[in-house]
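To start, the structure under review is shown below, and the notes come after it.
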Amino acid sequence: MIALLRRDLALAVRAGGGFGLGVAFFLILCALVPFGVGPDTAALQPIAAGILWLGALLACLLSLDRIFALDHEDGSLDLLATSPLPLEGAVAVKAMAHWITTGLPLIVVAPLFGILLHLPPAAIPALLGSLLLGTPALSMLGAFGAAVTVGLRRGGLLLSLLVLPLYIPTLIFGTEMIRRGQEGGDMGPPLLFLAGITAGVLAVIPFAAAAALRVNLR
Amino acid sequence: MSIWEYANPVKFMRTSGAILPWVVAGAAVCTLTGLVWGFLTPDDFRQGSTVKIVFLHVPAAMMAINIWVMMLVASLIWLIRRHHVSALAAKAAAPIGAVMTLIGLITGAVWGQPMWGTWWEWDPRLTSFLILFLFYIGYIALWSAVEDPDSAADLTGVLCLVGSVFALLSRYAVFFWNQGLHQGASLSVQPGERMSAVYRYPLYLTMLGFGLLFLALLLIRTRTEIRRRRLAALQAREMRA
Amino acid sequence: MSLLAVHDLAVARGGLRTVEGVSFTIDAGQALILRGPNGIGKTTLLRTVAGLQPAVTGRIEMPEDAVAYAAHADGLKGALTVSENLGFWEKVFGGGDIDRALSAMDLTPLADRPAAALSAGQKRRLGLARLVVSRRPLWILDEPTVSLDAASVLRFADMVREHLAQGGAALIATHIDLGLDAQVLDLTPFRAKPAPATRPAGFNEAFA
C-alpha cells in the first residue's frame, strides 16, 4: 500500500501540476471574488469563510477524475484488482494521495488567502481546523464519485453532479465552524459533526467505491 | 407462492397488465375527488383560501420522500437478489420522484409567497427538498450515462445507497444550519390535532390518490422499460447470430 | 497438483453468454493455449478466470492469490523509469527479482529510461517482465505477443518455458505458435446457444 502511495505521489510530482494547479485555481477564485462583490471589508468579511470552503471544494473537484481514470486507461487498475492488495485498500490509498496532493497544499495556503478576503486573524485556527478535519472526507467522497464514473466517456460533468451533493454536510459544518470561530462562539458541535462525518466517510466509503470499481472493471 | 415470482418479467407483465386499469381508475377517482372536495372546503380563518394548495403540496412532498425510499428498497433487492425487474422499477420511479419533488417545491413557493412574503426562503425543509431534487437528478443522470444495463443497475444501486445516507445527513445538517419559517408537520398522530377534520379527510383522499397515481405511473414506466430491454435483448441476439 | 480447474464454466459479455460448458484443468508445469475466432469470448474467459468478472455458471478452482494477469494494456506509467515500474509491482506483489525480470525480457540496458520513451514492443516486453516480478504461479495471458518482433517472441517463449519448468502454469490466448509443448483448447464448439436460461447472464438474457 505504501508502494502505491509513493507511486501516486511520484506521478503527481513528475507529471507536473499535481501540487500547483489546485492552489493556483484556489488563488484565482479568491482573487476574483472581490471583483464580484466589491473590495470593502464589510462585504468580504461575512462571506470569507464560505468562499474559502467553496474554493477548497472546487479545487478538490478539479483533479478528482484523475484518481482512477489514468489507471483505468493504461490497464493498471486491472492489474491492481488481481494483485494481493485489496481493492478497498487501493481506493483508500488513492484517496489519500489525492488529499496529499490537493487538500494539504490548500490547507497550507488557506490562511494566506484568508487575509486576502479580510478574514479576522482570530478565525484562522478555526479555518485550519475545519479544513484539516473536512478535506479528507472531500477526497474520499470524490474517490467514490470517480470510481462510479471511471469507465464513462463523458464522466467529468457527471462526476461533479454526483459528488457535489455529497459535499453538502461537510460544507455546512465546515463553514459553521469558522463562523463560530470568527464570532467567538462555541466551536464544539460543528467540530464534532465534521469529525464524525469524516470518520464515517473514511470508514465506509472505500467499500462502496471498491464495489463500484469492480462493476466498472467487468 | 412467493412474492419473488413477480420478479419474473413474464409474470410481472401479465399481472401488472391486469391490475393497471384498476389502479389508473382508482388514482383518477381519488385524486380528482380529493382535489375538488378540497377546493370546496371553507377558507382558513388565518391563511384564507391559500390553504387549499395543501391538497397538492402535502401529497406531492410525501410522495417525493416515499418514492426515494421505494427506490432504495428496489435497489437493495436488485443488489442482493439480482431481480432485473426490481432494478428497472427503481429506474422507472426516479423521474416520477423528481417531478413530485418539483411539484412540492413549486407549490411551496406559490404558497410561501402570500404567507411569508417571499417565493423562496432558505428554510431547512425547503432546502432539504432542493437537496433531494439534486440527488434525484444525479441518479437519473447516472442511469442515462452508463451504456451497459447491468453495470448501470449496479452503479445506480450503490449510488442510491450512499445517496440515501447523505440525503438524510444533509437534512440534519440543514436543520443545524438554519432554523426555519416552515410550519410543523401538517398531520400528526399525536393527540391535539393541528388540522381540523374539514381539511383532513380530503387531504387523506388526495394522499391516497397520489399514492395510486405513483403506482399507476410506476407500472406503466416499468412495463415500458421491460419492453425496451426486451427489444435491446432481441437486437443483441440478432447481432450475435 | 492442479493449479487451475475449471468446471462447466459459462461467461458473459454485454449481458449475453459467449461460451458455455467449458471445462479444463492445468497442472503445475503445464500450459494451455486458447484458440477460437474473434469475438468468441477468449478475453472474457480469461478475465473471468482472473477474477475480474463473475462467472455466469460453473466453478473455478485455484489456490488463493495464484494469478498474474497480463492483457493488451500493460499498466505502465510513462513518467516512471523501467525499473521503477517493475519496482512498484515488486512491492505490491511482495518481493520478486527485478534484475532477473529485466534480463529475461532483455530490458537491462533500458532500466533507467522513462517508460514513456520506450517503443510499443519495448513496452510490451516491460509488461511481460512484470509477470516474473509477480512470482505468481498461474500466468493468464491475453495475446501476449502483440507488437513483439520475432526475436522477442522467442525470448518470451523461453521465459514461459522457464516458468513452467519451475512449477508454474500458464493459460494463454494467442494465434501465434509459440513453440511451447502445450495443450490447445479450441473454444468454437463451446459457443453459447441462444436458449432460455434458468440463470440469466444479464439484462439481455433476462428479457430475451
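Residue numbers (the working numbering), protein chains in the order written: chain F, 1 to 218; chain U, 1 to 241; chain W, 1 to 208. Glycine residues also receive a C-beta, built at the ideal position from the N, C-alpha and C atoms.
ask   = For P222(F), which of G103(F), R180(F), F113(F) has the nearest alpha-carbon?
value = The structure shown has nothing for residue 222(F), since chain F only spans 1 to 218.
inquiry  = For a test of the three-state rule: what should DSSP assign to D99(W), helix, strand or coil?
reply    = Three-state DSSP puts D99(W) in a helix.
request  = Check the Cβ of G15(W) against every Cβ in chain U and list those closer than 8 Å, keeping chain order.
outcome  = Within chain U, the C-beta atoms nearer than 8 Å to that of G15(W) come from D148, P149, D150, A233, A236, in chain order.
message = Between L58(F) and chain U, is the shortest Cβ-Cβ distance under 8 Å, so that the two count as touching?
response = no
query = Where does W122(U) fall in DSSP's three states?
reply = coil
ask   = In three-state terms, what does DSSP make of G192(U)?
value = Because the pLDDT at G192(U) is just 43, under 50, the model does not fix this residue reliably, and the value given afterwards should be weighed accordingly. Residue state, collapsed to three classes: coil.
ask   = CA-CA distance, L88(U) and I140(U)?
value = Here the alpha carbon of L88(U) sits roughly 12 Å from the alpha carbon of I140(U).
Under 8 Å by beta carbon: chain A residues contacting L152(F) = The chain inventory of the structure shown lacks chain A, comprising the protein chains F, U and W.
query = Given a threshold of 16 other Cβ atoms within 10 Å of its Cβ, counted over all protein chains shown, does L231(U) qualify as buried or as exposed?
reply = exposed
key: Interfacial residues, the segment 64-84 of chain W to chain F, with Cβ spacing under 9 Å   = Interface annotation for the segment 64-84 of chain W against chain F: D65, V67, A68, Y69, A70, A71, H72, A73, D74, G75, L76, K77, G78, A79, L80, E84, criterion Cβ-Cβ distance under 9 Å.
task = Give the residues of chain W in contact with I96(U), contact being defined as C-beta atoms less than 8 Å apart.
result = Residues of chain W passing the Cβ test: none, with the nearest at roughly 21 Å.
query = Going along chain W in order, which residues have a C-beta closer than 8 Å to the C-beta of A81(F)?
reply = Per Cβ cutoff of 8 Å: G51, L52.
task = Please list the residues of the segment 47-78 of chain F that have a C-beta atom closer than 7 Å to any C-beta atom in chain W, keeping them in chain order.
result = D74, G75, S76, D78
task = Please state if the CB of A97(F) and the CB of L5(F) are separated by a distance shorter than 8 Å.
result = yes
task = Can you give me, in chain order, the residues of the segment 205-229 of chain U that have a beta carbon less than 8 Å from any beta carbon in chain W?
result = Hits within the stretch, in order: I226, R229.
inquiry  = One question on the structure: do P86(F) and G94(W) come within less than 8 Å of each other, judged by their Cβ atoms?
reply    = Result no, Cβ atoms of P86(F) and G94(W) do not sit closer than 8 Å.
inquiry  = At 4 residues or longer, what runs of the alpha helix (DSSP H) sit wholly inside the segment 97-170 of chain W?
reply    = As far as the segment 97-170 of chain W is concerned, its whole alpha helix (DSSP H) runs of at least 4 residues are 98-104, 120-134, 150-165.
Cβ contact check for the segment 121-138 of chain F and the segment 163-181 of chain F: 3 or more pairs under 8 Å = yes
ask   = Rounded C-beta distance between L178(W) and V160(W)? I'm assuming under 8 Å.
value = 7 Å
ask   = Tell me, which residues are paired with F193(F) by DSSP?
value = According to DSSP, F193(F) bridges with nothing at all.
inquiry  = Is it buried or exposed, V13(F), if we count other Cβ atoms within 10 angstroms and call 16 or more buried?
reply    = The residue is exposed, with fewer than 16 neighbouring Cβ atoms inside 10 Å.
request  = Check the Cβ-Cβ distances between L166(F) and every residue of chain U, and say whether any is below 8 Å.
outcome  = yes
query = Which residues in the same chain as Q190(U) place their Cβ atom closer than 7 Å to its Cβ, once the five residues preceding and following it in sequence are excluded?
reply = Only weak support exists for where Q190(U) lies, its pLDDT of 45 falling under 50; the value from the coordinates is given anyway. So the list is empty, once near-sequence residues are dropped.
ask   = L104(F): which of L194(F), L80(F), S76(F), L133(F) sits nearest, CA to CA?
value = L133(F)
request  = Taking only the alpha-carbon atoms, compute the straight-line gap between D71(F) and V29(U) and give it to the nearest angstrom.
outcome  = 57 Å
ask   = Is the segment 43-55 of chain W close to the segment 144-153 of chain W, with three or more CB pairs under 8 Å?
value = no
message = Out of A203(F), A195(F), L29(F), which one is the CA nearest neighbour of V93(F)?
response = A203(F)
Presumed contact (8 Å Cβ cut-off) between R113(W) and T81(W), rounded CB distance = 6 Å
request  = Check the DSSP bridge columns for E88(F) and list the partner residues they point to.
outcome  = DSSP, once it has assigned bridges, lists no residue as partnering E88(F).
Identity of the residue in W22(U), I19(U), L32(U) nearest M207(U) by Cα = It is L32(U) whose Cα lies nearest to the Cα of M207(U).
request  = Please specify which runs of the alpha helix (DSSP H), each continuous and at least 4 residues long, are wholly inside the segment 4-65 of chain F, giving them in chain order.
outcome  = 20-37, 41-62
message = Does A73(W) come out as helix, strand or coil in the three-state DSSP assignment?
response = In the three-state reduction of the DSSP assignment, A73(W) falls in the coil class.
query = CA-CA distance, S2(W) and L32(W)?
reply = Approximately 13 Å, taken between the alpha carbons.
query = With distances taken from CA atoms, which of A173(W), V133(W), P137(W) is nearest P144(W)?
reply = Answer by Cα proximity: A173(W).
message = I'd like the list of long-range same chain contacts for S160(F), defined as Cβ closer than 7 Å, with 5 residues on each side in sequence excluded.
response = L61
request  = Please confirm if G58(W) has its CB atom under 8 Å from at least one CB of chain U.
outcome  = no
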